[in-house]
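If you read the sequence shown in the working numbering, its first letter stands for residue 140, the second for the next number, and so on. Ideal placement from N, C-alpha and C gives every residue a C-beta, glycine not left out. Just so we're clear, the structure is a prediction, and the values are computed from it rather than from any experiment. Read through the structure below, which is laid out as structure tokens, and then see the notes.
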Amino acid sequence: MIDYKKIITIEPGKRGGKPCIRGMRITVNDILGWLASGMTIQDILADYEELNQNDIYAALSYAADRENKIYQIAV
């Protein structure tokens, strides 16, 4: 699993404080939504040249980590 802490940033004034990729205005949720809609990693990289493959994997790692933390709280 990639160390997303070096890629995912959270800034209170940017995109409502949502987790973003490297300070850009592209959020983890944007990436998850694109993947859920059927876009491939290659599709995303072709449409958003400022992203790289590690950014996509960081978003997935962040989401997985957050899901694990929510599950642990609920149990």
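Identify the continuous alpha helix (DSSP H) that holds residue i and give its terminal residues.
i      : result
Asp169 : Val167 to Ala175
Leu184 : Ile180 to Asp186
Going by beta-carbon coordinates alone, are residue i and residue j separated by less than 7 Å?
i      : j      : result
Ser200 : Met163 : no
Ile165 : Ile180 : no
How should residue i be labelled, buried or exposed, when 16 other C-beta atoms within 10 angstroms of its C-beta is the threshold for buried?
i      : result
Ile149 : exposed
Asp169 : buried
If distances are taken between C-alpha atoms only, which option among the options comes closest to residue i?
i      : options                           : result
Lys145 : Asp182, Lys208, Arg205 and Ala198 : Ala198
Cys159 : Ala185, Ala175 and Ala202         : Ala202
Arg161 : Ile147, Asp204, Asp142 and Leu171 : Ile147
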